[in-house]
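See structure below.
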Amino acid sequence: MNGDSAAVNYGAAAPMTADDKMKQVNKKFRVTGITTGLISGLTYGIYTTLVLVAGYYEPLMGAAGVLAAPYVCSGLNDLFAGIWLTLYNARCGRLSELGRSLHTFPGKMIVLGSLLGGPIANGAYLVGLAMAGAYAIPISATCSLFGAIFAWIFLKQKPTKRVIAGMMICVAGAIVINWVKPEGSPNFTLGIICALIAAISWGLEGMLSSYGGAMIDTDVAVNLRELISGIVDLVVIVPLVGGMALLGGTFAAGLPLIWLALSGLSAAVSFVCWYKSNSTVGCAIGMSLNVTYAFWGVLFCVMFLGQQLTSTIVIGSVVIVFGAILVTMNPLDLLKKGE
0 MNGDSAAVNY GAAAPMTADD KMKQVNKKFR VTGITTGLIS GLTYGIYTTL VLVAGYYEPL
60 MGAAGVLAAP YVCSGLNDLF AGIWLTLYNA RCGRLSELGR SLHTFPGKMI VLGSLLGGPI
120 ANGAYLVGLA MAGAYAIPIS ATCSLFGAIF AWIFLKQKPT KRVIAGMMIC VAGAIVINWV
180 KPEGSPNFTL GIICALIAAI SWGLEGMLSS YGGAMIDTDV AVNLRELISG IVDLVVIVPL
240 VGGMALLGGT FAAGLPLIWL ALSGLSAAVS FVCWYKSNST VGCAIGMSLN VTYAFWGVLF
300 CVMFLGQQLT STIVIGSVVI VFGAILVTMN PLDLLKKGE
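For reference, each letter of the sequence shown is one residue, going 0 to 338 in numbering that gives the first Met the number 0.
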């Protein structure tokens, strides 16, 4: 009897300690954060491609002026993203949190970030895409660079030598991309400037929303961000740029609306995954994984939209993505195990 008992005890697994359980939780959080961060970059690259596809259909393709079509696309995309997220939050029983969050100080930070990241940044990004094509994508990915600069100025977070080196690398990548202008793009430089405006605005949004997003459920915060951005675009910006007739024509056409609904779904998934990644592995790693959209966006534009692949866009994209990663984190941290 005693021998059998000893044999059983000898073969039994040792009980897990509290430290072992904590290591398992940390490992799970890390895997979840890295996975959602990568998905956020991939889905934002998909969003970029889908919204460009929508612009290839009438009446968007033949729209007069440089602002009407991008802002109609931006407004509808963000509105659809907000609708998808509202349906999701309604299913999860969080609808009442939308109105309640708006009356809090963190909610007001989300609103301010929404205005910077939506009507200003997203609109400028789409104008940049319309003028400079896929070349605008990696330029906009310098948003992490500007986020670090604004954190330095307003939050007194002095950058390290690594961060400064990453900033310089981002600038070098932007110079490489603009070294040779593609043929048939008379407004190329203006498109690059618009992409730069988008990067600056997204940097400001990141600084503001980091506070609001820490106090409010991420699904609710992103839902507010997309709804506010879409409504402001369609109710305020589109009439100002003379795009109401184009908006009505887009609804009547139907097909571009379907593509924008799909791009809105991709944008919704991207923002939710980005916020979740930030909350599990930290904002630095989350931002680093998210800016991989510059790679995916260029790749999909080359594969599906016939964007010309040049050495300058390949080298510049790689340099900017690496610089953006260096600004937000030490790349060697991705290879470390443990906590």
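Backbone N, C-alpha and C define an ideal beta-carbon position, used for all residues, glycine too.
- Across the structure, L66 and Y124 are spaced so that their CA atoms are roughly 11 angstroms apart.
- A straight line joining the alpha-carbon of A135 with that of C169 spans about 14 angstroms.
- Scanning M167, N76, L41, Y56 for the CA closest to the CA of G229 turns up N76.
- Approximately 7 angstroms separates the beta-carbon atoms of G315 and A173; this is inside 8 angstroms, confirming the contact.
- Here L51 is buried. Its C-beta has 16 or more other C-beta atoms within 10 Å.
- Note that the C-beta distance between G285 and W273 is below 8 angstroms.
- A check of alpha carbon separations from S200 across I148, I163, T103, P181 identifies I148 as the nearest.
- Classified as buried, A150 has 16 or more neighbouring CB atoms from the shown chains inside 10 Å of its CB.
- Taking C-beta atoms as the reference points, V234 and R29 fail to come closer than 8 angstroms.
- The count of Cβ pairs closer than 8 angstroms, one atom from the segment 95-109 and one from the segment 290-308, stays below three, leaving the stretches out of contact.
- Taken through DSSP and simplified to helix, strand or coil, L115 comes out as helix.
- A contact between stretches requires three or more CB pairs, one per stretch, nearer than 8 angstroms, and the segment 171-191 fails this requirement with the segment 112-120.
- Residue nearest to E225 within the set T34, I33, L78, L49 is L78 (criterion: CA-CA distance).
- K155 counts as exposed, since fewer than 16 other C-beta atoms from the protein chains shown sit within 10 angstroms of its C-beta.
- If you check the CB distance, T48 and L308 do not come in under 8 angstroms.
- Its chain contains G127, M130, A131, A135 as the residues whose beta carbon lies nearer than 6 angstroms to that of G190, once the 5 sequence neighbours on both sides are disregarded; these appear in chain order.
- Distance between N88 and L94, taken at the CA atoms: about 6 angstroms.
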